[in-house]
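Colleague: Numbering (the numbering used here), first residue to last: 629 to 1074. Idealized CB from N, CA, C, for every residue including glycine. One structure coming up, written as structure tokens, with questions to follow.
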């Protein structure tokens, strides 16, 4: 936090933390008209009398923490905990605890990424007492990284932004949060879970799924020899497109969970904003000449006419080429942490949630078998060789939602809406958060 860094969590942030949950749930609304904005057509034409007023570092830190802060170890209280327990808990649920959802945001100062995956935990409940709340400031300081020096150059026009959002999206003073999802690691891990029938002593009647390529005549996905040698069961058939869609749909929900958490925080802090789509992720990620967007790398596959996003170099990279020489190397990297023992996990400074001795826990945990890993490597390489990308039927990098936050222009709501269109937190926001140091009025020339 470069400016206005308070010592400890100040009273207004404490009040937002203590804001009643159900008041936030029932008070949630999409409140789009912010300080400095103008709507030039339709029934609600209005021009703000004020200059844009950006979010403070503290306001941004509250929203970032609500979506991405470390909350402690996940419990993974199942009969087959596997590698799930060796992950860090976040405010949102994640498939197999992978947390391959990365939060990017842009404001007047630049483009940023939240490297929440690098945060460690210190105890079972990271924010257990009021004294723990100060940690969110340190979390913001340490794990938010600037990656571009200017606001994302997304123009308010098609093809990037659909017409109904052009008047409001990415305007001066606003902050846009963008959950970006990498599905490759979890697809690899799901293949291990579904296909490996040799892992562990509790694995009877599990695994063995025979994945077939339904876009190519239901042929084997490079896994015929694993059917022949008995690792896979030819009666347990699953199509490749169904496997990838199941995983992709589930992971996209992580971005929606982040959005809802930030939307509730908007009510508690008295900020305006909303969660929405209505944009082209290809344009926003940077896959067209329209703008640089988030600056992601795209490849051209032989099976898809559109460019395929694979990552932002050095910032957020999918588990597939060009970041790995082949899919065998990508699988090894995706499974690296999952094969640790609990002793190795704790040696990294992590916290385990259970009371079982490490040796007993490891003995009861199902590791991936060498045969299962090789089977998955063969399938993943088949997919890449056949389609020129991984996965085959969905993009490796996906984004479906924006969460925009801004200071609300109450004059607009007082003029165009009935009483009750905003909360007391919005009414008192500049008093509580900025000491009545509100936005400046525009000059008459503007």
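Excluding the 5 residues preceding and the 5 following residue 989 in the sequence, name in chain order all residues of the same chain whose CB lies nearer than 7 Å to its CB.
Modeller: Cβ within range, chain order: 970 and 982.
Colleague: So is residue 857 buried or exposed if we call it buried at 16+ other beta carbons inside 10 Å?
Modeller: Residue 857 is exposed by the Cβ-count criterion.
Colleague: Name the DSSP bridge partner or partners of residue 717?
Modeller: BP columns for residue 717 point to 700.
Colleague: Where are the alpha helix (DSSP H) runs, 4 residues long or more, that stay fully inside the segment 904 to 970, in chain order?
Modeller: Those alpha helix (DSSP H) runs which fall completely within the segment 904 to 970 and span 4+ residues are 909 to 913 and 955 to 963.
Colleague: Look at the Cβ atom of residue 888, then the Cβ atom of residue 956, and state whether they are nearer than 8 Å.
Modeller: No, Cβ-Cβ distance for residue 888 and residue 956 is not below 8 Å.
Colleague: If you compare alpha carbons, which of 839, 849 and 847 is closest to residue 866?
Modeller: Residue 839 is the option with its Cα nearest to residue 866.
Colleague: Looking at the structure shown, is residue 571 part of a helix, part of a strand, or coil, going by DSSP?
Modeller: Lying before the first or after the last residue shown, residue 571 is absent from the chain, which here runs from 629 to 1074.
Colleague: Let's see if you can read the secondary structure: which residues bound the beta strand (DSSP E) around residue 1032?
Modeller: Run containing residue 1032: 1030 to 1034, per the beta strand (DSSP E) assignment.
Colleague: Let me confirm a value: residue 727 is counted as buried when at least 16 other C-beta atoms fall within 10 Å, else exposed. Which label applies?
Modeller: So residue 727 counts as buried.
Colleague: Between which two residues does the alpha helix (DSSP H) harbouring residue 998 extend?
Modeller: Run containing residue 998: 998 to 1015, per the alpha helix (DSSP H) assignment.
Colleague: To the nearest angstrom, how far is the alpha carbon of residue 828 from that of residue 1006?
Modeller: Reliability fails at residue 828, whose pLDDT of 44 lies under 50, so the model's placement of it is uncertain and the value that follows must be treated cautiously. Cα-Cα distance, rounded: 21 Å.
Colleague: Provide the residue(s) that pair with residue 902 in DSSP beta bridges, ordered along the chain.
Modeller: Beta-bridge pairing links residue 902 to 1032.
Colleague: Residue range of the beta strand (DSSP E) that residue 731 falls in?
Modeller: It spans 729 to 735 - the beta strand (DSSP E) in which residue 731 sits, taken as one unbroken run.
Colleague: Please give the ranges of any beta strand (DSSP E) in the segment 631 to 668, keeping only runs that are unbroken, at least 3 residues long and fully inside the region.
Modeller: Complete beta strand (DSSP E) runs here, min 3: none at all.
Colleague: So, are the CB atoms of residue 1004 and residue 872 less than 8 Å apart?
Modeller: No, Cβ-Cβ distance for residue 1004 and residue 872 is not below 8 Å.
Colleague: Do you know how far the Cα of residue 822 is from the Cα of residue 831?
Modeller: Note that residue 831 scores 47 on pLDDT, short of 50, meaning its location in the model is unreliable; the coordinates nonetheless yield the value given after this. Those two C-alpha atoms are separated by around 11 Å.
Colleague: Could you check which residue in 643, 660, 677 and 637 has the C-alpha nearest to that of residue 1071?
Modeller: Among 643, 660, 677 and 637, the Cα nearest to that of residue 1071 belongs to 677.
Colleague: Got a sec? Which residues, its chain only, sit under 7 Å from residue 952 by beta carbon, not counting five neighbours each side?
Modeller: If we look at residue 952 and ignore the five residues flanking it on each side, its Cβ neighbours are 958 and 961.
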